[in-house]
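Last residue of the sequence shown: 562 (our numbering), numbering continuous. A quick write-up on the structure given underneath.
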Amino acid sequence: MMMNPITKTDYPDPDVIRVGDTFYMVSTTMYFFPGGEILRSYDLVHWEIAARIFDAIDDTGAEHLSGTENAYGKGMWAASLRYHDGRFYVLFVSHGQQDTHLYTAPAIEGPWEHKRIKGYFHDASLLFDDDGRVFLTSGNMQIHLTELNAELSAPKEGGIDTVIIRDDPEKVFLGYEGSHFYKINGRYYITLIHWPKSTSRRTEAVFTADRVEGPYIGCDVCSDDMGYHGQGVAQGGIVDAPDGRRYSIMFRDSGAIGRVPVLVPVRFTTRFDGKCHDAFTGAVIPGACAPDFRDGLTGETAVLSEEVPFPVFGDDGIIPKTFGTPDLKPGYSYEPLFTSDDFKGSLRPQWQWNHIPDSALWKVLPEGGLSVTTGTVSVNPTEARNTLTQRMAYPTCSGTVTVDATGLKDGDIAGLIALQGKYGMIGIAKENGSCSLVRLVREEAVKGFGIGSSDHEPGTITDRILLDGSVVRLKMDADFTDMKDEVTFSYEKDGTFVRLGEPHKLVFRLDHFTGARFGLCVFATKEPGGTVVFREFRYE
């Protein structure tokens, strides 16, 4: 039996497929590199990193943190993962450049070939139809169906290009988006997320048609926050197991930890004799099973034949706390999604850089340690190049690292950061040749969703302690329990960790649009060229 959420960390916009005995899941990686992360599982519950498909997307100044440019809240969004005729396909948009990318490979490990598709297809989903035609569904509020050319490089000239589903802007905070497009047993199905004003939480919807261009009829299929602060579970597709059972992996907004995947059983049903039946076994399924079907274009009440299979998510739209899942490789040992690191040899795959790193300014030392040298002057740590990150974990986690500031220059700050728009950092600051321990935070400067609120102001140093030396072991404890969303900072003194300052509140907003991460960070405020060495990172 399993318990949700499954990965306990920020893996938004999941799309899941099965190839043989292996499930693969792709997730949005935005401005973290290498990106395009694909996970692997044999039971839909435990996951490990299988591949990352690119080192850069558009290779722009923003992706390199050039000057005041950045890609926060942008980069890779909402990928579609498919397997067709012996090749893997990953399609996504670059939100910063407003373009569409397609990567293909014969194996999940690569090599991955890249091309651009002409146009911008928000939250697109790729479908290879039985007759050889290829389609995308995409869009927000209005869901478009676009037929691609044979080269998968542009919309097909004279092909289908039409709106198939519309939401009512008067009735939603967020219109239909996040499409996942399938053909199952000869019928077309589209899963979508939206945010109805009537429920005040994100909700999953499904529409179906017997022809690719429609008409589509559907309804909401899951409006459940699992008892978690009205944070509805939605935006995900459908995957089958070898035994015919089906599941969906969607995400739940969960505060500062980000958007965490949730696994939900799915059963296709028919409706007759006043009862709900499993469409494939005929067994009666308990529950009301009386969907409020509506026309995808007009929103008006519609009738779907009782013999048409239609998915029920969970227990009549409610996500069960526990349920059984397939185990296609019993006893398999998964590599963890989080890791400690002694920095001997190469970096472990759980790490990602905040934006594209400058490879000339970092190295792993033969004796163990990550050496990072500043190459630019930065106002605050979100502008720093070569910040190495790992996702934080729900409900609690801690990161500890030794910071050797011997090579810092005056004006440099180096240490351990909780990377998010409203960041918090414990580090060593060098001024007038002396080192001090500091707590550096971004105060509550952003309200609402934080859209367009890039930060180019200095952080606030709230605590400062003069150090006798230049080497200190630092610790950060994070608590996301029940959306507490706090980090506390401490430093080692005489074998004991001593807290520095008050807990710092983290906030998930659209300025960064990602869950909180541990980051190993150094930045210069006066002149570049200072060097820090990080040793013995411990993740608990």
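We put the CB at the ideal spot given by N, CA and C, even for glycine. On a predicted model such as this, the values are computed, not experimentally measured, just so you know.
Checklist entry - Distance, Cα to Cα, Asp-499 vs Cys-419? => result Taking the sequence shown and counting its residues from 1, the one referred to as residue 499 is at position 477. Taking the sequence shown and counting its residues from 1, the one referred to as residue 419 is at position 397. C-alpha separation (whole angstroms): 6 Å.
_Here's the rule: buried if 16 or more other CB atoms are within 10 angstroms of the residue's CB, otherwise exposed. What is Leu-488?_
Taking the sequence shown and counting its residues from 1, one reaches residue 488 at position 466. Its Cβ having fewer than 16 others within 10 Å, Leu-488 is exposed.
Margin query: Which runs of the beta strand (DSSP E) at least 3 residues long sit entirely within the segment 285-356? Give them in chain order.
Written below: Complete beta strand (DSSP E) runs here, min 3: 297-300 and 332-335.
Item to complete: May I ask you to list the residues that DSSP assigns as paired with Thr-168?
Response: As a first step, residue 168 is located in the sequence shown; it is residue number 146 there, counting from the start. According to DSSP, which records beta bridges pairwise, Thr-168 is partnered with Leu-158 and Asp-183.
First and last residue of the uninterrupted beta strand (DSSP E) at Ser-21:
The shown model of the chain, from 23 to 562, leaves out residue 21, and the question about it has no answer.
Exercise for the section: Would you identify the three-state DSSP class for Asp-80, choosing helix, strand or coil? Expected result: Within the sequence shown, the letter at position 58 stands for residue 80. It is coil, neither helix nor strand.
**Report entry** Under the three-state DSSP convention, the category Ser-381 falls into
**Finding:** Position 359 of the sequence shown, counting from 1, holds the residue named residue 381. Ser-381 falls in the helix class under three-state DSSP.
Report task. Please say whether Thr-503 and Pro-417 have beta carbons closer to each other than 8 Å? Result -> Looking up residue 417 in the sequence shown gives position 395. Looking up residue 503 in the sequence shown gives position 481. Yes, they are a contact pair.
Report task. Given a cut-off of 8 Å, decide if Leu-383 and Val-394 are closer than it, judged by their beta-carbon atoms. Result -> Within the sequence shown, numbered from 1, the residue matching residue 394 stands at position 372. Within the sequence shown, numbered from 1, the residue matching residue 383 stands at position 361. Yes; because the gap between Cβ atoms is below 8 Å, this pair is in contact.
What does the alpha-carbon distance come out to for the pair Glu-135 and Asp-65? Taking the first residue of the sequence shown as 1, we reach residue 135 at position 113. Taking the first residue of the sequence shown as 1, we reach residue 65 at position 43. Just so you know, the alpha carbons of Glu-135 and Asp-65 end up roughly 29 Å apart.
| request: Quick one: grab the DSSP three-state call for Thr-422. | output: Position 400 of the sequence shown holds residue 422. Secondary structure of Thr-422 (DSSP, three-state): strand.
_So, for Thr-422: in the same chain, excluding its five sequence neighbours on each side, which residues have a beta-carbon less than 6 Å away from its beta-carbon?_
Along the sequence shown, read from residue 1 onward, the residue named residue 422 stands at position 400. Taken in chain order, the residues that qualify are Lys-497 and Arg-560.
* Could you have a look at Met-505 and say whether DSSP puts it in helix, strand or coil? => As a working mapping, residue 505 is identified with position 483 in the sequence shown. In this structure, Met-505 counts as helix in the three-state DSSP scheme.
Given this structure, state the Cα-to-Cα distance separating Tyr-269 from Arg-155, to the nearest angstrom.
Here residue 269 refers to the residue found at position 247 when the sequence shown is read from its first residue. Here residue 155 refers to the residue found at position 133 when the sequence shown is read from its first residue. A straight-line Cα-Cα distance of about 26 Å links Tyr-269 and Arg-155.
Taking only three categories from DSSP, how would you classify Glu-131?
As a position in the sequence shown, residue 131 is number 109, starting the count at 1. Per DSSP, reduced to three states, the secondary structure at Glu-131 is coil, with no helix or strand assignment.
Query raised in the report: Per DSSP, Arg-40 is paired with what?
Result: As a first step, residue 40 is located in the sequence shown; it is residue number 18 there, counting from the start. Per DSSP, the beta bridge partners of Arg-40 are Phe-45.
- request: Grab me the residues of Glu-357's own chain with a C-beta within less than 6 Å of its C-beta, minus the 5 sequence neighbours each way, in chain order.
  value: Counted from its first residue, the sequence shown places residue 357 at position 335. Taken in chain order, the residues that qualify are Glu-70.
Supposed close pair Phe-315, Cys-244 - CB separation, criterion 8 Å: The sequence position of residue 315 within the sequence shown is 293, counting from 1. The sequence position of residue 244 within the sequence shown is 222, counting from 1. Between Cys-244 and Phe-315 the Cβ distance is about 16 Å, and since that is not below 8 Å, they are no contact.
Q | Candidates Gly-161, Ser-400 and Tyr-211, of which the one nearest Tyr-198 by Cα | A | By one-based count along the sequence shown, residue 198 stands at place 176. Among Gly-161, Ser-400 and Tyr-211, the Cα nearest to that of Tyr-198 is on Gly-161.
For this session: Give the range of the beta strand (DSSP E) segment to which Phe-559 is assigned.
Result: Walking along the sequence shown from the start, residue 559 turns up at place 537. For Phe-559, the enclosing beta strand (DSSP E) starts and ends at 553-561.
What do you get for Val-306, buried or exposed, if any count of 16 or more other CB atoms within 10 angstroms of its CB means buried? The sequence position of residue 306 within the sequence shown is 284, counting from 1. Its Cβ having fewer than 16 others within 10 Å, Val-306 is exposed.
Quiz prompt | Run of the beta strand (DSSP E) containing Gln-412, from where it starts to where it stops | solution = Numbered from its first residue, the sequence shown carries residue 412 at position 390. Where Gln-412 is concerned, the enclosing beta strand (DSSP E) stretches over 410-413.
Worksheet item: Should Met-272 be labelled buried (16 or more other beta-carbon atoms within 10 Å of its own) or exposed?
Response: In the sequence shown, counting from the first residue as 1, residue 272 sits at position 250. Buried: at least 16 other Cβ atoms inside 10 Å.
Inset, instruction - Give the secondary structure of Pro-237 by DSSP, where H, G and I count as helix, E and B as strand, and everything else as coil. - result: If you number the sequence shown from 1, residue 237 lands on position 215. Reduced to three states, the DSSP call for Pro-237 is coil.
For Thr-428, count neighbouring Cβ atoms within 10 angstroms of its own Cβ and tell me buried if that reaches 16, exposed if not.
Taking the sequence shown and counting its residues from 1, the one referred to as residue 428 is at position 406. Label assigned to Thr-428: exposed.
What does DSSP give as the partner residues of Asn-376 in its beta bridges? The residue you call residue 376 lines up with position 354 of the sequence shown. When beta bridges are read from the DSSP output, Asn-376 appears opposite Phe-54.
Inset, instruction - Look at the alpha carbon of Gly-200 and the alpha carbon of Ala-146, and state the distance between them as a whole number of angstroms. - result: In the sequence shown, residue 200 corresponds to position 178, counting from 1. In the sequence shown, residue 146 corresponds to position 124, counting from 1. Looking at the two C-alpha atoms, the distance is approximately 7 Å.
Endpoints, beta strand (DSSP E) assigned at Val-228: As a first step, residue 228 must be located in the sequence shown, where it is residue number 206. Counting along the chain, the beta strand (DSSP E) containing Val-228 begins and ends at 225-231.
message: Quick check: what's the CA-CA separation for Phe-545 versus Tyr-33?
response: The residue you call residue 545 lines up with position 523 of the sequence shown. The residue you call residue 33 lines up with position 11 of the sequence shown. Just so you know, the alpha carbons of Phe-545 and Tyr-33 end up roughly 28 Å apart.
* When you compare each of His-86, Gly-455 and Phe-302 to Ala-406 by their alpha carbons, which one comes out closest? -> Taking the sequence shown and counting its residues from 1, one reaches residue 406 at position 384. Of the listed residues, the one whose Cα sits closest to Ala-406 is His-86.
Check: From Asp-337 to Asn-376, what does the alpha carbon distance come to, in whole angstroms?
Finding: In the sequence shown, counting from the first residue as 1, residue 337 sits at position 315. In the sequence shown, counting from the first residue as 1, residue 376 sits at position 354. Cα to Cα, Asp-337 sits roughly 40 Å from Asn-376.
Does Gln-120 pass the burial test, meaning 16 or more other C-beta atoms within 10 Å, or should it be called exposed?
If you number the sequence shown from 1, residue 120 lands on position 98. A residue is called buried when at least 16 other Cβ atoms come within 10 angstroms of its Cβ; Gln-120 does not meet this threshold and is exposed.
Where does Glu-549 land, buried or exposed, given buried means 16+ other C-beta within 10 angstroms?
Here residue 549 corresponds to residue number 527 of the sequence shown, with the count starting at 1. So Glu-549 counts as exposed.
Checklist line | Alpha-carbon to alpha-carbon, Glu-328 and Thr-409 | finding: Here residue 409 corresponds to residue number 387 of the sequence shown, with the count starting at 1. Here residue 328 corresponds to residue number 306 of the sequence shown, with the count starting at 1. Near 56 Å, if we compare the C-alpha coordinates of Glu-328 and Thr-409.
Against chain D, with Cβ distances strictly below 8 Å, would Thr-31 count as a contact? In the structure shown, chain D cannot be found, because there is only a single protein chain.
| request: Quick one: using the 10 Å Cβ neighbour count with 16 as the cut-off for buried, is Pro-567 buried or exposed? | output: Lying before the first or after the last residue shown, residue 567 is absent from the chain, which here runs from 23 to 562.
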